Amino acid sequence: MSNRALINAIFVNSARSATVLCGFVLTFLIGVIIWNGMNAMNIQFLLSASRNFGASGGILYQIIGSLLLVIMASILVLPVAIGTALFKSEYITSPTLFRISNTLIYSLNGIPSVTFGIFGLIFFVNVLGTGISWFVGSIILAIMMLPTIVLTTYQSINSIPSAYREAAYALGLTKWQVIWRVLLPQGIHGAITGLLIALARAIGETAPIMFIATAFSGINLPGALNDPVVTLPTHILALAQQATNPDALQNAWGASLVLLTLVFIFSISALFSRMHLKEISQR
Amino acid sequence: MTTKPQLKVVDGKATDTPAAIDVSDFNVWCCEAHILNNVSAQFPARGITCIVGPSGSGKSTLIRSINRINDEVPGFIHKGAIRFDGRDIFTDYNDLTTLRTEIGMVFQKPCVFPKSIAENVLFGLRDGRKLSTADRLMIVEENLRAVSLWKEVSKRLDESATSLSGGQQQRLCIARTLAVKPKILLLDEPTASVDPVSGRAIEELLLELKKDYTILLVTHDLAQCRRIADHIVFMCDGEMIEQGSRQIMLEAPAHEKTARYLNDSFCDC
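Spelled out as structure tokens, the structure:
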């Protein structure tokens, strides 16, 4: 075998091994969660409230709490993210300002999630005196979701051929009309995809919300914006701390499986919505 | 009070048609490149004026400046005046929407919006959504008939415009521009990216439209220019070399460069 063929074979096999290893780790991780989680899974577990600090009962309010947090976060973040992406794409003309906005967005994406939690604790809970509030948790999650949605929306708007903009301007449309009638209909799939990807990440976050938005047990649904909420990630954390109790551990696996399923649903939805909305926008 | 400019005498041969658009000492820079250099030209009302010249001569830049679509290009700088019906388009039009509805433009590559055929025709109307269904249909029919597309698409107005052929899409783009009732039609090589049959159909259409519209057509196709031009402007290297009626420009141009380009498609400027 010649040197070139040998190097080629080494390269191909290395890439193949890396892919197999990656697939194995992912399959092992998901398999273990499904294997252990299925033992806890039944209708009663999904539809009843937790008791005895989570060691018995179900996770109904944790599921509702997690969804409540991310739905509110989505409502808060979507207009801001789309506005930022549009401003970046259509209004920033200075290359310096463009670079600065890019750096800020990527920096925001790189901030460790616990830092958001500490920021929320200091700014909202201590300085503004909001107390432990699920709404504050949604604000923090919205800030965390912002870069992902801005970047995907910007990319989808920026990939619209400039011929569409010129054709619309040439008909006498104003900038606002071009944005509303040409860019948004064709670029919205990017925002929805980004939102679902960001949701898949946000729903599993523990660190940013555990200081500011959640209680570990003892509550069901929040009655007001400034009430705490119970969520799946913090519930799993609380149960993991009772690892010597087999019932608590089993419920932790069950809650993990539900969380994994929610992440999976958001990720698959992102994939399908991207394909579907892109197809609609190009019809 | 504004005065309507008259077409200047070109090389001693006067044309008596009043100018709809008067370009004087017009310069364009973009990203520090000097693209148009002291261009002065007069485009007569009604009829087809073909702007010809080699690639990079500034033809497209000139017509893109006339409805100020170049304003959207970062780094676009201009000096000089373009007057439309006696009004300077850069100083007398605060509202670009009005200018662009009066001076419509069709681009080289057909660009239909991913909407239905009918919605594409109505796309540029300011109050299109407030119109009754009957009025909308009337506007759609009128403009599709004007571009000889009605028979081909009348039974599928709700179908996506992207399903049309390239030539049909280009005619739809012209219909969409006509729907906003412009006075001037700017066309930047409208037949360059369609098949020869569709190209001929568009030429026929322009010959019909010239009765009602002032048409400025950028083209590289000198045969097309000979077939449909009433007036020819020859540009080279960012300068307007010569302009005049088709007969004068083809048979007795004043400049050697013009004669060489129009007869041999060659230019060494």
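Chains as they are written, first to last, in my numbering: chain U, 5 to 287; chain E, 10 to 278.
We put the CB at the ideal spot given by N, CA and C, even for glycine.
Since the structure is predicted, the reported quantities are computational estimates derived from the model, not experimental observations.
message = Could you compute how far the alpha carbon of E/Ser52 sits from the alpha carbon of U/Leu108?
response = If you number the second sequence from 1, residue 52 of chain E lands on position 43. If you number the first sequence from 1, residue 108 of chain U lands on position 104. The question names Ser, yet the displayed sequence has Phe at residue 52 of chain E. One C-alpha to the other measures close to 50 Å.
query = Does DSSP classify E/Leu225 as helix, strand or coil?
reply = In the second sequence, the residue the question calls residue 225 of chain E occupies position 216. Here E/Leu225 sits in strand by DSSP.
From U/Gly191, U/Val154 and U/Thr119, residue whose alpha carbon lies closest to that of U/Arg278 = Within the first sequence, the letter at position 274 stands for residue 278 of chain U. Closest by alpha carbon: U/Gly191.
inquiry  = In whole angstroms, give me the CA-to-CA distance for U/Gln66 and U/Leu132.
reply    = Locating residue 66 of chain U in the first sequence gives position 62, where the first residue counts as 1. Locating residue 132 of chain U in the first sequence gives position 128, where the first residue counts as 1. Those two C-alpha atoms are separated by around 27 Å.
query = Which whole-angstrom value describes the C-beta separation of E/Ile281 and E/Ile57, a residue pair presumed to lie in contact below a C-beta threshold of 8 Å?
reply = In the structure displayed, chain E extends from 10 to 278; residue 281 of chain E sits before or after that span and is not available.
inquiry  = I'd like to know if the stretch 195–206 of chain U and the stretch 95–106 of chain U are in contact, where contact means that at least 3 CB-CB pairs between them fall below 8 Å.
reply    = Using a C-beta cut-off of 8 Å, the stretch 195–206 of chain U makes no contact with the stretch 95–106 of chain U, since fewer than three inter-stretch Cβ pairs fall below that distance.
key: beta strand (DSSP E) runs contained entirely in the stretch 105–143 of chain E, provided each spans 3 or more residues   = Counting whole runs of 3 or more residues, the stretch 105–143 of chain E contains the beta strand (DSSP E) stretches 112–115.
query = Going by alpha carbons, who is nearest to U/Ile136 out of U/Leu51, U/Asn113 and U/Ile122?
reply = Counting from one through the first sequence, the residue named residue 136 of chain U turns up at place 132. Selected option, being the one with the closest Cα: U/Ile122.
query = Applying the criterion that 16 or more other CB atoms from any shown protein chain within 10 Å of the CB defines a buried residue, is E/Ser125 buried or exposed?
reply = Position 116 of the second sequence holds residue 125 of chain E. Burial call: buried.
message = On the CB-based measure, 16 or more other CB atoms within 10 Å of its CB, does E/Met9 come out buried or exposed?
response = The first residue shown for chain E is 10 and the last is 278, placing residue 9 of chain E beyond what the model contains.
inquiry  = Just to confirm my understanding: we take U/Val81, look at its own chain, exclude 5 residues before and 5 after, and list those with CB closer than 7 Å. What are they?
reply    = To locate residue 81 of chain U, count along the first sequence from 1; it is residue 77. Within the same chain, and ignoring the five residues on either side of U/Val81 in sequence, the residues whose Cβ sits closer than 7 Å to its Cβ are Ala146, Met149, Leu150 and Ile153.
key: Under 8 Å from the C-beta of E/Ile78: neighbouring residues of chain U   = Indexing the second sequence from 1 puts residue 78 of chain E at position 69. Within chain U, the residues near E/Ile78 are Glu170, Tyr173 and Ala174.
ask   = From U/Ser18 to U/Thr31, what does the alpha carbon distance come to, in whole angstroms?
value = Position 14 of the first sequence, counted from the first residue, corresponds to residue 18 of chain U. Position 27 of the first sequence, counted from the first residue, corresponds to residue 31 of chain U. Put simply, the backbone Cα of U/Ser18 is about 20 Å away from that of U/Thr31.
Identified DSSP bridge partners for E/Gln51 = Within the second sequence, residue 51 of chain E is the residue found at index 42, counting from 1. Answer is E/Asp31, bridged to E/Gln51.
task = Pull up the DSSP beta-bridge partners for E/Asp197, would you.
result = Taking the first residue of the second sequence as position 1, residue 197 of chain E is located at position 188. For E/Asp197, which the question treats as bridged, DSSP gives the partners E/Val227.
task = Measure the alpha-carbon distance for U/Ile39 versus U/Gly198 and round it to whole angstroms.
result = Your numbering for residue 39 of chain U matches position 35 in the first sequence. Your numbering for residue 198 of chain U matches position 194 in the first sequence. For the record, residue 39 of chain U in the displayed sequence is Trp; it is not Ile. Spanning the two alpha carbons is a distance of roughly 31 Å.
message = Give the list of continuous alpha helix (DSSP H) stretches no shorter than 4 residues that lie fully inside the stretch 39–84 of chain E.
response = Here the runs fully enclosed are 68–75.
inquiry  = At the 7 Å Cβ level, is E/Pro83 part of the contact set with chain U, yes or no?
reply    = Walking along the second sequence from the start, residue 83 of chain E turns up at place 74. Judged by the 7 Å Cβ criterion, E/Pro83 is in contact with chain U.
message = Run through chain U and tell me which residues come within less than 7 Å of E/Arg180, C-beta to C-beta.
response = Counting from 1 along the second sequence, the entry for residue 180 of chain E is found at position 171. What E/Arg180 touches in chain U: nothing, since even the nearest Cβ is about 14 Å away.
message = Can you tell me where the alpha helix (DSSP H) holding U/Gln246 begins and where it ends?
response = Residue 246 of chain U sits at position 242 when you count from the first residue of the first sequence. No alpha helix (DSSP H) holds U/Gln246; DSSP gives it neither H nor E.
Listed by chain order, chain U residues near E/Phe116 by CB distance under 8 Å = Stepping through the second sequence from its first residue, residue 116 of chain E is reached at position 107. Residues of chain U whose Cβ lies closer than 8 Å to the Cβ of E/Phe116 are, in chain order, Ala167, Glu170, Ala171 and Ala174.
key: Residues bridged to E/Ile241 (per DSSP)   = Position 232 of the second sequence, counted from the start, is the residue given in the question as residue 241 of chain E. Partner(s): E/Cys59 and E/Gly253.
Start and end residues, alpha helix (DSSP H) containing E/Trp159 = As a first step, residue 159 of chain E must be located in the second sequence, where it is residue number 150. Following the DSSP letters along the chain, one finds E/Trp159 inside the alpha helix (DSSP H) bounded by residues Trp159 to Val162.
query = Any idea what DSSP makes of U/Thr265, helix, strand or coil?
reply = Residue numbering aside, residue 265 of chain U sits at position 261 when the first sequence is read from its first letter. Helix.
Reference E/Pro83, options U/Ala195, U/Thr97, U/Leu73 and U/Gly58, closest by Cα = As a working mapping, residue 83 of chain E is identified with position 74 in the second sequence. The option with the nearest alpha carbon to E/Pro83 is U/Thr97.
ask   = Are there 16 or more other CB atoms within 10 angstroms of the CB of E/Glu111, so buried, or fewer, so exposed?
value = Stepping through the second sequence from its first residue, residue 111 of chain E is reached at position 102. With a 10 Å radius around the Cβ and a threshold of 16 neighbouring Cβ atoms, E/Glu111 comes out buried.
query = Is the Cβ of U/Thr178 closer than 7 Å to any Cβ of chain A?
reply = Absent here is chain A; the protein component of the structure consists of chains U and E.
message = At the level of alpha carbons, what is the spacing between E/Pro119 and E/Arg154?
response = Working through the second sequence from its first residue, we reach residue 119 of chain E at position 110. Working through the second sequence from its first residue, we reach residue 154 of chain E at position 145. Taken atom to atom, the span from the alpha-carbon of E/Pro119 to that of E/Arg154 is near 18 Å.
key: Near-chain U residues of the stretch 128–157 of chain E - C-beta to any C-beta below 8 Å   = Considering only beta carbons, the part of the stretch 128–157 of chain E lying closer than 8 Å to chain U consists of Phe132, Gly133 and Arg135, in chain order.
task = Grab the span of the alpha helix (DSSP H) containing E/Ser182 for me, first residue to last.
result = Your numbering for residue 182 of chain E matches position 173 in the second sequence. Looking at the sequence itself, residue 182 of chain E is Cys, so the reference to Ser does not match. Looking at the DSSP string, the run of the alpha helix (DSSP H) that includes E/Cys182 is Gly175 to Ala188.
inquiry  = Please give me, in chain order, every unbroken run of the alpha helix (DSSP H) with length at least 4 that falls completely inside the stretch 36–114 of chain U.
reply    = Residue ranges of uninterrupted alpha helix (DSSP H) with 4 or more members, entirely inside the stretch 36–114 of chain U and ordered along the chain, are 47–51, 64–90 and 99–114.
task = Check the C-beta distance from E/Ile78 over to U/Glu94 and give it rounded, since I have them as a contact under 8 Å.
result = The count along the second sequence starts at 1 and reaches residue 78 of chain E at position 69. The count along the first sequence starts at 1 and reaches residue 94 of chain U at position 90. Their Cβ separation, rounded to whole angstroms, is 16 Å, which puts E/Ile78 and U/Glu94 out of contact at 8 Å.
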